[in-house]
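Residue numbers (the numbering used here), protein chains in the order written: chain R, 1 to 87; chain X, 1001 to 1990.
All remarks here apply to the structure that follows.
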């Protein structure tokens, strides 16, 4: 599989480390329901068959975290963007 | 069966000598082992897998099920090598397989006599009882009887390589379609890779006799290859099999040195390619099918197109009197070709009532006896070796006999659709050509020529050219369709036909796994009718040839039995690899010590000079201890090293720790969020110990972080977690808090770091720092961190830290000065008897001091468990804070960090021992924790331990039972503070 790194171009998947679901947002630790929210953030995951947004870390390249839109059934990659915008 | 007087693509000026089963023969450059054997009239080349039936050469290509040999000898021996693709070289040594005592007289061919009992499912039905006999009795016996070649006895002396390649258009197969596709894309300027399994590009153009334009087909192939080779953007890779398609990348294996006795110096035997191609065109051709009839596995029965290939490409007559048996026109062309080439083709047997008049007329003109509406019902052979001598035939209702030493058969052609299925596409049955053609193809892949059922030579050339033009055009190249030469097309009529009903003797469908038509009948009767079940029950298509010549026949026969159509019956799934791939090439250089790179510390050479014993710690090779002459066991050495440090001074390379440079306005705030304790308040010139958690509240790592300047920090991590922590910090910065002004760099490799420890450490340090550098207790107090110079101008970072509990410093210098620093410290410390120590002594001293390490940072311990509860700030949020507050992690009954000493001081403690309240039964319900680390303390003179004990800190002074059933230990230990020495840290601050 080749991942289109926004910095480095299309690179072999073996250069990347996989993390998982990129739709999660770290909850507000000060919120009254922080316990529940963090439990969901740390443990609860969907396992979609199809479109998935996921974090890949380009450890063998530019060291950027890349948000990749990948279809889990075909491995087709619709796009990729850098975390936190370009810096 | 002998070499024809002329013709073929072999080089008759280059004779080669080779051996088969100990006998010496001669062949030519350009031969395969199979063609050379046939040229030497060797017909019997192996024994079959299950029944030990004599077998010959069926094909002339990668589909070969029978002619499997052991190639080479000694540790280079390769079992199950197909003689039909083994390129001949001078001195080649091959042996037949699966026979004893000899090929012609095989004792286990008796298996053939009991064949009626060895049919489908035999093993499942017979060896069921008693169950334990399977492993001890049945399986070993079966494995001895049924088998293929023997693996090499020792380590493979050759090496294997891996490489990546990139192109716009990958063309798979260099036959007529592939050459035209590559030419069209190559002329347009696209970067093209043309890969072909064969050592000679051209595919069927070298095996057929056809005119293309005004030249013979092989000359057209050679000329086109020459043009492609002249284009700088085209790379021709012969001896290269593309074996799989993996999400836009193509796996291929290049047989770099398989055609040589031994690889040239510094050359691998094979190379694994990962080819990233924007477009690919599959031009893999087609494989001819046998016809299923009794005795169709005899040496001398072969595929018609292959017989033709032996005549035209290799100049070999496969027999002295050759009959053909077919259901299609292509076999007729093969027969004509061979007759013209000088082979004695006697008879053309066709199951069809009528054939095209032109074919019949041509046969007559060539003097070939034609028998239409005729089937071969059996074969006879020689008493030893079984080679073919005659055929039983049936015309209408009448039986007859024919003499022939070779039968060339053709049941039609199966397009090589394998690669098109690697993304889940299913082949589609096309009735008019009686073959499966590609269904949905993988993204970016198109198919041309025989691989998609286009058999006519002119059509194939045109289709290849068109696909090549399209692929290049898609990618933005201005591609023009090459001029298409004129061809004479041969007829390709076919009447689907699979097997001869009522024939005599076993009729083989899968010759490599000895599966007969009768076995399919058994599978049908017993209900294993779905193709996937049929395959597994009968083992049809499960041999190393993956059913190249048998799958379609097998499912067609099953379709006949069930009454379903072939499309309804469906086909099994083709998965990578398309062709057998050696494990050696998949491993590449990653074997033994080269499985991964070994990382050496900057002082490795110095440590080796000092006589260090090294040990692998993760990817690193570190000095474990430094034995001196006369020290006979490691404990003596380690005790000496630890004592020397506590008494005077010692040094150890600690460069393996992860080092992360952090710079920016917000580093302090950032560290506050990733460590449980506070770093924003850290003064410039000071270091602090920190603990970081995972978001689930469990400890991830620990280490010290120093502030070198207001906006410049340097963090150390444990050796094991260096990469993980760095990745985590990058995630926090890029994903969680991109607004923070912090930049990270891993500097683990850039800095060598050496720790010196012991009461004389300051004296040693003072002798290596440059003039004016103050390392006094005031100039460099405990937890101080300053940037100075050492050894005459070498920039250095000086940290006053201690893992051993002694007065200690860590000196970091640019990595290239690491070895010089070690030598300088040895010289500076000579007067004090400075002692190099290894990680064993380091471990002993950290246990004596009660520091946690990898054994305690186990991924299951919270900060509270390890005694860091009070370190955790309550004034800020940090990663893991919320989840660490879960009741389960706050439970005071959780096993927590304490020290242990044996009640009987002579007892040796063992890590892994479980703690029990004295008198409690030894079961999981009463388990109270376990010992994590132990060491023999030379300071105290007995064994000590660290561990996690339920409610441990409240139980200091209590005795518990250390129960270790694995090693048979069970004795009492006393719970104590983990700090066995200097609990108030006076040594550190002195």
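For glycine and all other residues, C-beta sits at the position ideal for the given N, C-alpha and C.
Note that the structure is predicted; figures quoted are calculated from it, not measured.
Item to complete: Answer with yes or no whether the minimum CB distance from residue 58(R) to chain X is below 7 angstroms.
Response: It does not; no Cβ of chain X falls within 7 angstroms.
Discussion item. What does the alpha-carbon distance come out to for the pair residue 1660(X) and residue 1264(X)?
Written reply: Rounded to the nearest angstrom, the two C-alpha atoms are 45 angstroms apart.
Discussion item. Using the Cβ count rule (16 or more neighbours within 10 Å means buried), how would you classify residue 1748(X)?
Written reply: Residue 1748(X) should be labelled buried.
Discussion item. So if I threshold CB-CB distances at 7 angstroms, which residues from the region 1259 to 1285 of chain X count as touching chain R?
Written reply: For chain R, the residues of the region 1259 to 1285 of chain X that bring a beta carbon within less than 7 angstroms of one of its beta carbons are 1276, in chain order.
Worksheet item: At a CB-CB cut-off below 7 angstroms, which residues of chain C make contact with residue 38(R)?
Response: Here the protein chains are R and X, and chain C is not one of them.
Worksheet item: Are residue 1460(X) and residue 1177(X) touching if we call contact CB-CB under 7 angstroms?
Response: Taking C-beta atoms as the reference points, residue 1460(X) and residue 1177(X) count as a pair closer than 7 angstroms.
Fill in: Spatial distance of residue 87(R) from residue 1744(X) (CA atoms)
Caution is warranted here: a pLDDT of 48 is assigned to residue 87(R), below 50, making its placement in the model unreliable, and the coordinate value is therefore given only provisionally. Between residue 87(R) and residue 1744(X), the alpha-carbon positions lie close to 13 angstroms from each other.
Worksheet entry | Start-end ranges of the beta strand (DSSP E) lying completely within the region 1019 to 1092 of chain X, minimum 3 residues | Qualifying beta strand (DSSP E) stretches, in chain order: 1023 to 1029, 1068 to 1071, 1078 to 1082.
Worksheet item: Hey, residue 1914(X) and residue 1927(X): beta-carbon distance below 7 angstroms or not?
Response: Their beta carbons are under 7 angstroms apart, which means residue 1914(X) touches residue 1927(X) by this criterion.
Worksheet item: For residue 48(R), does the count of other Cβ atoms within 10 angstroms reach 16, so buried, or fall short, so exposed?
Response: So residue 48(R) counts as exposed.
Item to complete: Please say whether residue 1296(X) and residue 963(X) have beta carbons closer to each other than 7 angstroms?
Response: Outside the displayed span of chain X (1001 to 1990) sits residue 963(X), for which this structure offers no information.
Discussion item. Please return the same chain residues whose Cβ sits closer than 7 angstroms to the Cβ of residue 1766(X), not counting the five positions on each side in sequence.
Written reply: Within the same chain, 1775 come within 7 angstroms of residue 1766(X) by CB-CB distance, once the 5 residues on both sides are set aside.
Worksheet item: Count the other CB atoms within 10 Å of the CB of residue 1750(X); is the residue buried (16 or more) or exposed (fewer)?
Response: Residue 1750(X) counts as exposed, since fewer than 16 other beta carbons sit within 10 angstroms of its beta carbon.
Item to complete: Please list, in chain order, all residues of the same chain as residue 1646(X) whose beta carbon is under 7 angstroms from its beta carbon, the five residues on each side excluded.
Response: Excluding sequence positions up to five before and after residue 1646(X), its CB lies within less than 7 angstroms of the CB of 1758, 1806, 1939, all in the same chain and listed in chain order.
Discussion item. Assess contact between the region 1658 to 1674 of chain X and the region 1956 to 1972 of chain X, defined as three or more Cβ pairs (one per stretch) separated by less than 8 angstroms. Is contact present?
Written reply: The answer is no - the region 1956 to 1972 of chain X does not touch the region 1658 to 1674 of chain X, with fewer than three Cβ pairs under 8 angstroms.
Discussion item. Within 7 angstroms of any Cβ in chain X, is that where the Cβ of residue 69(R) sits?
Written reply: The C-beta of residue 69(R) comes no closer than 7 angstroms to any C-beta of chain X.
Worksheet item: Which chain R residues are close to residue 1734(X), counting only those with a beta carbon under 7 angstroms from its beta carbon?
Response: Per Cβ cutoff of 7 angstroms: 64, 65, 83, 84.
Discussion item. Considering only DSSP beta bridges, list what residue 1429(X) is partnered with.
Written reply: Its beta-bridge partners are 1436(X).
Discussion item. Let me check understanding here. Comparing Cα to Cα, which of 1831(X), 1199(X), 1705(X) lies closest to residue 1764(X)?
Written reply: Proximity to residue 1764(X) across 1831(X), 1199(X), 1705(X) peaks at 1831(X), based on C-alpha coordinates.
Worksheet item: Count the other CB atoms within 10 Å of the CB of residue 1001(X); is the residue buried (16 or more) or exposed (fewer)?
Response: Low per-residue confidence applies at residue 1001(X): pLDDT is 48, beneath 50, and the placement is therefore not dependable, though the value from the model is reported in the following sentence. It is buried - the Cβ of residue 1001(X) has at least 16 other Cβ atoms within 10 Å.
Worksheet item: Just how far apart, CA to CA, sit residue 1482(X) and residue 73(R)?
Response: The C-alpha of residue 1482(X) lies about 39 angstroms from the C-alpha of residue 73(R).
Discussion item. Tell me which residues of the region 1239 to 1261 of chain X have at least one Cβ-Cβ distance to chain R shorter than 8 angstroms, keeping chain order.
Written reply: Listed by position, the residues of the region 1239 to 1261 of chain X near chain R (Cβ gap below 8 angstroms) are 1246, 1247, 1248, 1249.
Discussion item. If you reduce the DSSP assignment to three classes, tell me which class residue 1244(X) lands in.
Written reply: It is a strand residue.
Worksheet item: DSSP on residue 1010(X), reduced to helix/strand/coil?
Response: Correct three-state label for residue 1010(X): coil.
Practice prompt. Out of 1030(X), 1934(X), 1165(X), 1714(X), point me to the one whose CA is closest to residue 1312(X)'s CA.
Written response: Each of 1030(X), 1934(X), 1165(X), 1714(X) was checked against the Cα of residue 1312(X), and the nearest Cα belongs to 1030(X).
Discussion item. Please return the same chain residues whose Cβ sits closer than 7 angstroms to the Cβ of residue 1038(X), not counting the five positions on each side in sequence.
Written reply: The answer, listed in chain order, is 1001, 1057, 1310, 1316, 1318.
Item to complete: For the beta strand (DSSP E) containing residue 67(R), list its first residue and its last residue.
Response: That run of the beta strand (DSSP E) goes 65 to 71.
Item to complete: Confirm, please, whether the CB-CB distance from residue 1574(X) to residue 1421(X) is below 7 angstroms.
Response: Yes, Cβ-Cβ distance for residue 1421(X) and residue 1574(X) is below 7 angstroms.
Discussion item. I'd like to know whether the C-beta of residue 1711(X) is nearer than 7 angstroms to at least one C-beta of chain R.
Written reply: No, because no Cβ of chain R sits closer than 7 angstroms to the Cβ of residue 1711(X).
Worksheet item: Which runs of the alpha helix (DSSP H) fall wholly inside the region 1451 to 1507 of chain X and span at least 4 residues, in chain order?
Response: Qualifying alpha helix (DSSP H) stretches, in chain order: 1457 to 1474.
Discussion item. Can you look up residue 1308(X) in the DSSP assignment and give me helix, strand or coil?
Written reply: Helix.
Item to complete: Compare the Cα-Cα distances from residue 1150(X) to each of 1261(X), 1083(X), 1171(X), 1073(X) and report the closest residue.
Response: Residue 1073(X) is the option with its Cα nearest to residue 1150(X).
Discussion item. Cutting at 7 angstroms between CB atoms, please list the residues of its own chain near residue 1638(X), excluding the five before and the five after it.
Written reply: Cβ within range, chain order: 1625, 1840, 1841, 1844.
Worksheet entry | chain X residues whose Cβ lies nearer than 8 angstroms to that of residue 33(R) | None at all; the shortest Cβ gap to chain X is about 11 angstroms.
Worksheet item: Should residue 1471(X) go down as buried or exposed, given a rule of 16 or more other Cβ atoms within 10 Å for buried?
Response: It counts as buried.
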